[in-house]
Each structure stands twice: as C-alpha cells, then as structure tokens.
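No gaps in the numbering here: position 197 of the sequence shown is 1397 in the working numbering, and each next residue is one more. C-beta: ideal position from N, C-alpha, C; glycine also. Fair warning: this is a prediction, and the values are worked out from it, not measured in the lab. Here the structure comes first, spelled out in structure tokens, and everything after it is commentary.
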Amino acid sequence: FHGRTNSAAQVRAYYGLDRAASDAFIAYPAAMQHDTGTYHWSDPGDRAGELRDIAYFDALVEDMANRYCIDLDRIFVAGHSLGGWFANSVACIRGDVVRASASVGGSSVITECAGPSAALIAHNPNDRMASFTASELTRDLRLEVNACPADASPAQLRSLQCVQYVPCSAGNPVLWCPHEQDYDPRGNYYPHTWPTDFGDTIARFFASLD
C-alpha cells in the first residue's frame, strides 16, 4: 500500500518487492485521491475496525484468488507511511486472513484484532512526519494479540538493527526495527525514508514464516 503523497506506481519503483519476491503475486492497490491531491485509505469518522478500504482489500483478495492459484494461508501486506498504517490496520482487522505485515514509518488503528499475524515494524526515532510513539503502540498491540513474551532478542536484518519477540502464538513473531537511516538515496536528510534493501528484508521475513 502506498502513502499519502506517493502513488502506487511510485512506491512500486522503490519498494523493491518485484525483484525480491519474484515468485509471489504482488498487487499495488491505488487509494482514492482527494481534491487536495493526497491519497487516503479511509473516510473521516471511520470507526477503527471499519475502515472504508477494508472492503477494497477483501475484494482484492477475492479477485486474486479467482484469477490465480494463490495460497490463501499466505496473504501478506506491506506499506510505507500512511500505507504502513493501512497495512498494519488491515493485518489487525483481518488478522484471520493476513499471515503477516511489514511497515515503515506507519502505525495502526488500535482496536480488537480478528486474530494474530506476524509483524515487521520499522520506524526511525528521528522521523517527524509520522509518530514514532504511535508505532510503538502498534508494536505493543501486536505483541499482546500474538501472545509474545515481554523480552526481546537482537536480530540483524540486512542493514537494520532490530529486536525479535519470540516465541509467539501460532508462529507469529514480532520484529521491531527502530532504524537509523536518516538519509534518502539522493543524500537528503529524510528520516521518513524507506530503508535500503527493505524490500529484500520483507521478502525474507515473509518467506521465513510457515
């Protein structure tokens, strides 16, 4: 899922998922664009467990299943910024459908989840475009739903220093990555950036899950 200002085509260009997960069916949904030019995955006033585009997600999964031979036990979602918020929200609201989620600089609705799902959550503490504290709450929500231990162990994911909470219920680990990549690929100071090789990190994480 793309963010508030970047289109589906733009994030497809930098997520790196097509190359990293070449054996997967990957969809890049397009959110509704408002008159301001920004994109949104929900309507103002939506209840936490009833976001507008949850219905869009449901229809997308159904359409993909009708078109292709996909494994319905291995539905994954990922996103950056507002897209990360929606990916995490979908993974909670449709925890009985989504096997795992991955996000950068995105939080989640805080509501009762439909079931546990594994999570990879990356957020730069220096990020001023998206709340780091909100991502911590997202992590804590997933830890509770997944019945994970309070203590974590170090985990090196490519260029990211992370911590891993295991064992969790039904093999649903939570990986928390407060990354320190402050600059974008052009050398501009941008702590909200998509970390280097994160597409490959996502693909490896998803592939590691039974």
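Handout entry: For Gly1315 and Asp1327, believed in contact at Cβ under 8 Å, the rounded distance
Key = The residue given as residue 1327 occupies position 127 in the sequence shown. The residue given as residue 1315 occupies position 115 in the sequence shown. That pair is no contact at about 29 Å.
Exercise for the section: Mind reading off the beta-carbon distance from Ala1300 to Leu1409? Whole number of angstroms is fine, and I expect it under 8 Å. Expected result: In the sequence shown, residue 1300 corresponds to position 100, counting from 1. In the sequence shown, residue 1409 corresponds to position 209, counting from 1. The pair is a contact, with the Cβ atoms about 6 Å apart (cut-off 8 Å).
Problem - Buried versus exposed, by CB contacts within 10 Å (16 or more), Phe1405 - result: Here residue 1405 is taken as the residue at index 205 of the sequence shown, counted from 1. Phe1405 is buried by the Cβ-count criterion.
Exercise for the section: Give the secondary structure of Arg1299 by DSSP, where H, G and I count as helix, E and B as strand, and everything else as coil. Expected result: Residue mapping note: residue 1299 aligns to position 99 of the sequence shown, counting from 1. Reduced to three states, the DSSP call for Arg1299 is strand.
Exercise for the section: Ignore the nearest five residues each way along the sequence and tell me which others in Pro1349's own chain have a CB closer than 7 Å to its CB. Expected result: To locate residue 1349, count along the sequence shown from 1; it is residue 149. Within the same chain, Tyr1365 come within 7 Å of Pro1349 by CB-CB distance, once the 5 residues on both sides are set aside.
Practice task
Using beta-carbon positions only, say whether Ile1293 and Ile1254 come within less than 8 Å of one another.
Solution key: Counting from one through the sequence shown, the residue named residue 1293 turns up at place 93. Counting from one through the sequence shown, the residue named residue 1254 turns up at place 54. The Cβ atoms of Ile1293 and Ile1254 lie closer than 8 Å to each other.
Exercise for the section: State the Cα-Cα distance for the pair Gly1216 and Gly1237, rounded to the nearest angstrom. Expected result: As a first step, residue 1216 must be located in the sequence shown, where it is residue number 16. As a first step, residue 1237 must be located in the sequence shown, where it is residue number 37. Going by the C-alpha atoms only, they are around 25 Å apart.
Exercise for the section: Please work out which residues of its chain come closer than 7 Å, Cβ to Cβ, to Gln1381, disregarding the five sequence neighbours upstream and downstream, and give them in chain order. Expected result: Within the sequence shown, the letter at position 181 stands for residue 1381. Answer for Gln1381: Asn1324, Thr1393, Pro1395 and Thr1396, listed in chain order.
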